[in-house]
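Below is one structure, written out as structure tokens; the observations come after it.
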Ligand SMILES: O=C(CO)COP(=O)(O)O
């Protein structure tokens, strides 16, 4: 099971370091069989810890260059980062990244051996058109994406469940992950209002290999609390 925290535009360099210190201490004690990943803002990037992989929420597909405001491979390497989120719905919808640019990012960071969490998810108006429309929309988000890349992790995040406090219903999660599993053999995470009240139910859904968490990940103890109901019984 993978537990990934996406801080989005929350936390500073100092609070991220304090967060990682506190979460690392909790994970050291618990020794969960989980992969734990944290994606802080670019200003807070730093080397991974023993129990926590630190990744970038975004990066430009170049080593360096005239790309004002961006960070690229050189900046990521400075902090020993080799994990990156690509295709998050907020970058598609708010920042206007189209599939061509997202695929270019994917190809670049795949070429450099990065672990990639590749995000897909449909808006409400597509969900309301029915499951076939959802499936078609999601597969279009894999255009020019190598779904067999060995360091790929997919994150399914229905846009209409992100930040709402209301996750997708288990049946909808199960059906969508099953559809993705028809072609995707890599881990598939669910994201969209994961919280302490729904984590146990979501974690037991077939083809859910982990969660990508926003709001409920911003406090290390609360993020750790998501792992407790999913952890194997202490022997
Ligand atoms: O976008 C998300 C993680 O990438 C989900 O955010 P929330 O958990 O706040 O819904």
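Residue numbers (our numbering): 16 to 250.
The beta carbon of each residue, even a glycine, is placed where N, CA and C say it ideally should be.
### Query
Residues in its own chain within less than 6 Å of residue 170 by CB, not counting five upstream and five downstream?
Around residue 170: 132, 134, 204, 206 and 227.
### Query
Does the beta carbon of residue 177 fall short of 6 Å from some heavy atom of ligand 1?
Yes, ligand 1 has a heavy atom inside 6 Å of this Cβ.
### Task
Write down the C-beta distance between residue 70 and residue 96 rounded to the nearest angstrom, noting that I regard them as a contact closer than 8 Å.
Between residue 70 and residue 96 a beta carbon distance of about 6 Å is seen, short of the 8 Å cut, so the two are scored as contacting.
### Query
Of all the options 200, 213 and 230, which has the alpha carbon lying nearest to the alpha carbon of residue 243?
Here the closest residue by C-alpha is 213.
### Query
Touch check for the stretch 117 to 128 and the stretch 152 to 167: three-plus C-beta pairs under 8 Å?
Touching, yes.
### Query
Which residue from 159, 192, 168 and 116 puts its Cα closest to that of residue 146?
It is 192 whose Cα lies nearest to the Cα of residue 146.
#### Entry: Cβ neighbour criterion (16 or more within 10 Å) applied to residue 52
With 16 or more other Cβ atoms within 10 Å, it is buried.
#### Entry: Nearest residue (CA-CA) to residue 61, options 142, 98, 155 and 248
The residue from 142, 98, 155 and 248 with its alpha-carbon nearest to that of residue 61 is 98.
### Task
Would you give the residue range spanned by the alpha helix (DSSP H) that residue 240 belongs to?
DSSP places residue 240 inside the alpha helix (DSSP H), whose first and last residues are 235 to 242.
#### Entry: Whole-number beta carbon distance between residue 54 and residue 17, since they are thought to touch under 8 Å
That belief does not hold up - the Cβ atoms of residue 17 and residue 54 are roughly 12 Å apart, past 8 Å.
### 6 Å Cβ shell around residue 100 - same chain, five flanking residues per side excluded
Cβ neighbours of residue 100 beyond the five flanking positions: 54, 72 and 132.
### Message
Buried or exposed, going by whether 16 or more other CB atoms sit within 10 Å of the CB of residue 139?
### Response
Exposed.
### residue 28 vs residue 58 beta-carbon contact at 7 Å
Yes, Cβ-Cβ distance for residue 28 and residue 58 is below 7 Å.
### Task
Under 8 Å by Cβ, that's how I've got residue 209 and residue 240 pegged, so tell me the actual separation to the nearest angstrom.
Contact between residue 209 and residue 240 is absent: CB atoms are separated by about 12 Å, not below the 8 Å threshold.
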